[in-house]
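Visitor:
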Amino acid sequence: MLRFDLSNTPLATSGEIAIAPNGNELFAILLALMSVERCSFKRLRGRTLVLNDKNLDAVAHAIHTRLPLFFQRYPGEHATRWFLTWLHGLTVSRWA
5 MLRFDLSNTP LATSGEIAIA PNGNELFAIL LALMSVERCS FKRLRGRTLV LNDKNLDAVA
65 HAIHTRLPLF FQRYPGEHAT RWFLTWLHGL TVSRWA
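Count the sequence shown with my numbering and you get residues 5 to 100, in order.
Here it is, written out as structure tokens:
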């Protein structure tokens with residue numbers, strides 16, 4: 005099982021109306037984070053991946069270049085990066 009925690013993100017704490025990521029977008033973020041952090045699915049069990057300042061640009065670039073079909077709502081690297089700023093602080097962990 006995977007756990008996506010959005011409670012520490014600007015999306016969760018903002019009073020503005022914002023669109024939450026759908027399943028395809030969460031999957032793309034997971035793959036991009038795993039690629040950037042060089043983490044396999046097997047090694048994810050003992051780790052927690054965090055979308056933060058250090059990897060946000062690399063994750064946006066990975067999504068834009070390798071997984072654009074998963075992010076059709078936000079075409080282009082700048083739009084993808086803008087959307088990811090709403091998810092800054094997202095954590096992904098694997099349990100069970």
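Cβ atoms here follow ideal geometry from the backbone N, Cα and C, with glycine treated the same way. None of these values were measured; they are calculated from a predicted model.
Per the DSSP calculation, T52 is bridged to which residue(s)?
Guide: The residue labelled residue 52 in the question sits at position 48 within the sequence shown. DSSP, once it has assigned bridges, lists S97 as partnering T52.
Visitor: Among C43, E29, S11 and T89, which has the Cα closest to the Cα of R77?
Guide: For the purposes of this step, residue 77 is identified with residue 73 of the sequence shown, where counting begins at 1. For the residues C43, E29, S11 and T89, the minimum Cα distance to R77 belongs to E29.
Visitor: Assuming W99 and M38 are in contact, meaning their beta carbons sit under 8 Å apart, how far apart are those beta carbons, in whole angstroms?
Guide: Sequence index remark: in the sequence shown, residue 99 carries index 95 (1-based). Sequence index remark: in the sequence shown, residue 38 carries index 34 (1-based). Actually they are not in contact, since the Cβ atoms of W99 and M38 sit about 16 Å apart, beyond 8 Å.
Visitor: Excluding the five sequence neighbours on either side, which residues of its own chain have a C-beta within less than 8 Å of the C-beta of A32, listed in chain order?
Guide: By one-based count along the sequence shown, residue 32 stands at place 28. So the qualifying residues of the chain are I67, L71, F74 and F75.
Visitor: Please classify I31: does DSSP put it in a helix, a strand, or coil?
Guide: As a first step, residue 31 must be located in the sequence shown, where it is residue number 27. Residue 31 is actually Phe in this sequence, not Ile. The answer is helix: DSSP assigns F31 an H, G or I state.
Visitor: Given A36, which residues of its chain have a CB within under 7 Å of its CB, disregarding the five upstream and five downstream residues?
Guide: In the sequence shown, counting from the first residue as 1, residue 36 sits at position 32. Once the five neighbours on either side are set aside, the close Cβ partners of A36 are V63, A66, I67 and L71.
Visitor: Put D61 into one of helix, strand or coil per three-state DSSP.
Guide: Indexing the sequence shown from 1 puts residue 61 at position 57. Here D61 sits in helix by DSSP.
Visitor: Do you know offhand how far E20's Cα is from S44's?
Guide: Your numbering for residue 20 matches position 16 in the sequence shown. Your numbering for residue 44 matches position 40 in the sequence shown. Taking the straight line from one Cα to the other gives about 35 Å.
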